[in-house]
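Below is one structure, written out as structure tokens, with a few remarks after it.
There are 2 protein chains.
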Amino acid sequence: MALSEFELIERYFTGVGTGRDDVILSVGDDTALVAPHAGRHLALSLDTLVAGVHFPVDAPAETVGYKSLAVNLSDLAAMAAEPAWLLLALTLPQADPDWLEHFAGGLATLANEAGMALVGGDISRGQALTVTVQVAGYSDRPLRRDGARPGDGLYISGTLGDAALGLKLWQGGQREGSDACFLIERLHHPNPRITLAQALADLANAAIDVSDGLLADAGHLANRSAVAVTIEPHRLPLSPALRRSAPATQATILALTGGDDYELCLSLPLEREREAQARAEEIGVKLTRIGRVVEGNGVQLVSPTGEKTAYEYSGYKHFC
Amino acid sequence: MALSEFELIERYFTGVGTGRDDVILSVGDDTALVAPHAGRHLALSLDTLVAGVHFPVDAPAETVGYKSLAVNLSDLAAMAAEPAWLLLALTLPQADPDWLEHFAGGLATLANEAGMALVGGDISRGQALTVTVQVAGYSDRPLRRDGARPGDGLYISGTLGDAALGLKLWQGGQREGSDACFLIERLHHPNPRITLAQALADLANAAIDVSDGLLADAGHLANRSAVAVTIEPHRLPLSPALRRSAPATQATILALTGGDDYELCLSLPLEREREAQARAEEIGVKLTRIGRVVEGNGVQLVSPTGEKTAYEYSGYKHFC
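Protein chains in written order, with the numbering used here: chain A, 159 to 478; chain B, 159 to 478.
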């Protein structure tokens, strides 16, 4: 079954996502045309996933489609943005209709949930399966990385370390049992914290999404804000499944350094903590204080007895 | 020399392009932030170039950077859009500083010429060199593919077939002499017709850029407009270098079917031809009538004596 790229686009990528009043012209012309709401700012991001680098080569097509949008939505969440449109660039070794149908299905599921429209794209042939998604969203009150202030608390949504252990389990072929299923599901279907970010946008001073590991990403936030952050490892929120599946020390290391969680790390004034946690609870997301923002630079780990260790780690490095 | 992706972005991709009053936050946060001018529509496009598929594996880095933006600008031109911002996704087998510097230089040259700012991106490791550029531009009077009407003339900017022969010469190692240089230059540095498109936006009924070959792209325009187009091969504008470098028949075939020219194919009322050509001349671009728009569907070739042949060809197909 040989379809041209035009037929592939027509069959799998036309009408993906929701209808939107700000989309004038979607897939099918030289470009898409949109009419941004007047006076609103747009947050723009793009992220690439490469098979064997960002997801296992044997990951189900549906999860690749879902995750290629999820990682981008996580960036929009970190800016407290409201998702609007996406464009897709897909490079494929071959056009397998079954794979494409499931890939498009995973992408469409999340696009619909997020209220986004797929407005354009490009499909080409290439040796390595590579997916680039570009997203735009309205951001009226952006949560930048550079707003953290000494005196803020440091908070994390959800739980950490699940996706990193999920990846190990997937790679080791251990896919049975409810804990393994939960952890692998966290790897394949991250939950971008769009709603939480919007609910906290007027309380928080800064935010970053945790894609490369907490220590690395908290380090970026500290650097951009010209402050130091302390992290108390014993406070890190761990899922019951992770606690049951790994020794305590390994679980903590995964929570500190594992990538792919796509939780939100926020800096907000301690006196707004109660309000922030109440709002998070209302949308069903746990918000945990894991440390503080202080004068200085870098990331410090603080033990339950108050001992401090400066930690130098910069997350997953593609080229080192 | 091992640099992390953050250091690579900092060193090569920060501050690329021109300053713009509608860019609030550029490279360095979770997303870029832009403030679109109120009441203006945005044209959005993205295109991927894969080494060995869209450009020769031995193409100079500068030309890869230049062309990855040029092919996207050509899409903006086809919508008569005014370039604004771009985002870059780069997948690399390794981070070679020399390659990156020249790649970024080529990209920056064209971004500056077009008045665009690079506002965000993603660099990751992957086996195949893959470049995806996403562009946005203001499009107040879009030239869609679906507006061609019977009675229009069909026009092409510049000359056709140069890039296709340039590719053959490059691949064959024939890079000496002024004609070969010209043809290879046409391959490596296409000239997106941004200015021409804006000058003709109020005269033309439809436009498409010629990336897959004239017959294929004129076919897309005909299909989307629910009309037929006739093309008179003897009218096709050929460069002196192409005429000197290929027999007449081969030159015509290259002009009809060769890709990568990134010229603009326009449909406009015959009675506006003189005005359109005068405006084109003012900008220093040749605008040639190559056929007509008529009732029907598909593309017909018309000989000097008026004989017609229906032509079925749909350009470069990635998956057939």
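By construction, the Cβ of each residue, glycine as well, lies at the ideal position given by its N, Cα and C atoms. Keep in mind it's a predicted model, so treat the numbers as computed, not measured.
Residue 363 of chain A, buried or exposed, once every other Cβ within 10 Å from all chains shown has been counted against 16: Position 205 of the first sequence holds residue 363 of chain A. With 16 or more other Cβ atoms within 10 Å, it is buried.
Extent of the continuous beta strand (DSSP E) run through residue 410 of chain B: Here residue 410 of chain B is taken as the residue at index 252 of the second sequence, counted from 1. No beta strand (DSSP E) holds residue 410 of chain B; the alpha helix (DSSP H) holding it covers 406 to 415.
Assigned exposure category for residue 349 of chain A - 16 Cβ within 10 Å defines buried: Looking up residue 349 of chain A in the first sequence gives position 191. Burial call: buried.
Presumed contact (8 Å Cβ cut-off) between residue 276 of chain A and residue 175 of chain A, rounded CB distance: Numbered from 1 along the first sequence, position 118 holds the residue referred to as residue 276 of chain A. Numbered from 1 along the first sequence, position 17 holds the residue referred to as residue 175 of chain A. Indeed, because the Cβ distance is near 5 Å, the residues count as touching under 8 Å.
The segment 285 to 305 of chain A touching the segment 187 to 207 of chain A, judged by at least three CB pairs closer than 8 Å: yes
Near the ligand NAD: residue 247 of chain B beta-carbon under 8 Å from a heavy atom: Among the components of this structure there are no ligands whatsoever, and the ligand NAD is therefore not found.
Straight-line Cα distance separating residue 384 of chain B from residue 159 of chain A: Counting from one through the first sequence, the residue named residue 159 of chain A turns up at place 1. Counting from one through the second sequence, the residue named residue 384 of chain B turns up at place 226. For residue 159 of chain A, the predicted model reports a pLDDT of 40, less than 50, meaning its position is unreliable and no value from the coordinates is stated.
Contacting residues, own chain, Cβ-Cβ under 7 Å from residue 262 of chain A (five flanking each side not counted): Looking up residue 262 of chain A in the first sequence gives position 104. The residues are 170, 171, 174, 223.
Residue 112 of chain B at chain A interface by Cβ criterion, 9 Å: Because chain B here runs from 159 to 478, residue 112 of chain B falls outside it and cannot be looked at.
Contact belief for residue 181 of chain A with residue 234 of chain A at Cβ below 8 Å, rounded distance in angstroms: Taking the first residue of the first sequence as position 1, residue 181 of chain A is located at position 23. Taking the first residue of the first sequence as position 1, residue 234 of chain A is located at position 76. The pair is not a contact, with the Cβ atoms about 17 Å apart (cut-off 8 Å).
DSSP state of residue 353 of chain B mapped onto helix, strand, coil: Sequence index remark: in the second sequence, residue 353 of chain B carries index 195 (1-based). DSSP places residue 353 of chain B in helix when its eight states are reduced to three.
Contacts around residue 344 of chain A, its chain only, beta-carbon distance under 6 Å, and the 5 residues preceding and following it disregarded: As a working mapping, residue 344 of chain A is identified with position 186 in the first sequence. Cβ neighbours of residue 344 of chain A beyond the five flanking positions: 320, 321, 324.
C-alpha distance - residue 311 of chain A paired with residue 358 of chain A, whole-angstrom precision: Counting from 1 along the first sequence, the entry for residue 311 of chain A is found at position 153. Counting from 1 along the first sequence, the entry for residue 358 of chain A is found at position 200. Rounded to whole angstroms, residue 311 of chain A to residue 358 of chain A spans 14 Å at the Cα level.
Where residue 314 of chain A meets chain B, residues with beta-carbon distance less than 8 Å: Position 156 of the first sequence, counting from 1, holds the residue named residue 314 of chain A. The premise fails here: residue 314 of chain A is roughly 15 Å from chain B at the closest Cβ pair, so nothing lies under 8 Å.
Inter-stretch contact (C-beta, 8 Å, three-pair minimum) for the segment 266 to 281 of chain B and the segment 297 to 317 of chain B: no
N-terminal and C-terminal residue of the beta strand (DSSP E) that residue 466 of chain B is part of: Within the second sequence, residue 466 of chain B is the residue found at index 308, counting from 1. Note, residue 466 of chain B: beta strand (DSSP E), 466 to 469.
Minimum C-alpha distance to residue 256 of chain B - residue among B:278, B:218, B:404: Walking along the second sequence from the start, residue 256 of chain B turns up at place 98. Of the candidates B:278, B:218, B:404, the one whose C-alpha sits nearest the C-alpha of residue 256 of chain B is B:218.
Residue 300 of chain B: contacting residues in chain A (beta-carbon distance under 7 Å): Translated into positions along the second sequence, residue 300 of chain B becomes position 142. Per Cβ cutoff of 7 Å: 191.
DSSP state of residue 167 of chain B mapped onto helix, strand, coil: In the second sequence, counting from the first residue as 1, residue 167 of chain B sits at position 9. Reduced to three states, the DSSP call for residue 167 of chain B is helix.
Check whether residue 236 of chain B and residue 367 of chain B have beta carbons under 9 Å apart: Translated into the one-based positions of the second sequence, residue 236 of chain B becomes position 78. Translated into the one-based positions of the second sequence, residue 367 of chain B becomes position 209. Taking 9 Å as the Cβ cut-off, residue 236 of chain B and residue 367 of chain B qualify as a contacting pair.
Proximal residues to residue 467 of chain B (C-beta, below 6 Å), its chain only, five neighbours per side dropped: Taking the first residue of the second sequence as 1, we reach residue 467 of chain B at position 309. Answer for residue 467 of chain B: 459, listed in chain order.
Neighbourhood of residue 258 of chain A by C-beta distance below 7 Å, restricted to the same chain and skipping five residues each side: For the purposes of this step, residue 258 of chain A is taken as residue 100 along the first sequence, with counting starting at 1. 166, 170.
Where the beta strand (DSSP E) containing residue 292 of chain B begins and where it ends: Here residue 292 of chain B corresponds to residue number 134 of the second sequence, with the count starting at 1. First-last of the beta strand (DSSP E) with residue 292 of chain B: 288 to 296.
Beta-carbon separation (whole angstroms), residue 353 of chain A vs residue 441 of chain A, contact threshold 8 Å: Mapped onto the first sequence, residue 353 of chain A falls at position 195. Mapped onto the first sequence, residue 441 of chain A falls at position 283. Residue 353 of chain A to residue 441 of chain A, Cβ: 5 Å. Contact.
Bridge partners - residue 446 of chain B, DSSP secondary structure assignment: By 1-based counting over the second sequence, the position of residue 446 of chain B is 288. B:314.
Which of helix, strand or coil DSSP assigns to residue 371 of chain B: Here residue 371 of chain B is taken as the residue at index 213 of the second sequence, counted from 1. Coil.
Any chain B beta carbon closer than 9 Å to residue 411 of chain A: If you number the first sequence from 1, residue 411 of chain A lands on position 253. False, the Cβ-Cβ gap to chain B never drops below 9 Å.
Exposed unless 16 or more other CB atoms sit within 10 angstroms - verdict on residue 398 of chain A: Stepping through the first sequence from its first residue, residue 398 of chain A is reached at position 240. Flag for residue 398 of chain A reads exposed.
Alpha carbon of residue 200 of chain A to alpha carbon of residue 203 of chain B, nearest angstrom: Sequence index remark: in the first sequence, residue 200 of chain A carries index 42 (1-based). Sequence index remark: in the second sequence, residue 203 of chain B carries index 45 (1-based). Cα-Cα distance, rounded: 16 Å.
Closest residue to residue 412 of chain B among B:378, B:372, B:431 (Cα-Cα distance): Position 254 of the second sequence, counted from the first residue, corresponds to residue 412 of chain B. Of B:378, B:372, B:431, the residue nearest in Cα terms is B:372.
Close Cβ partners of residue 403 of chain B (< 7 Å) along its chain, the five nearest in sequence each way excluded: Position 245 of the second sequence, counted from the first residue, corresponds to residue 403 of chain B. 323, 337, 341, listed in sequence order.
Beta-carbon proximity check, residue 308 of chain A vs residue 451 of chain A, cutoff 9 Å: Here the question's residue 308 of chain A lines up with position 150 in the first sequence. Here the question's residue 451 of chain A lines up with position 293 in the first sequence. Yes, they are a contact pair.
Beta-carbon proximity of residue 444 of chain A to residue 395 of chain A, cut-off 9 Å: Position 286 of the first sequence holds residue 444 of chain A. Position 237 of the first sequence holds residue 395 of chain A. Yes, the Cβ-Cβ distance between residue 444 of chain A and residue 395 of chain A is below 9 Å.
CB contact check: residue 203 of chain B to chain E, cutoff 9 Å: Considering every chain present, this structure includes no chain E. Its protein chains are A and B.
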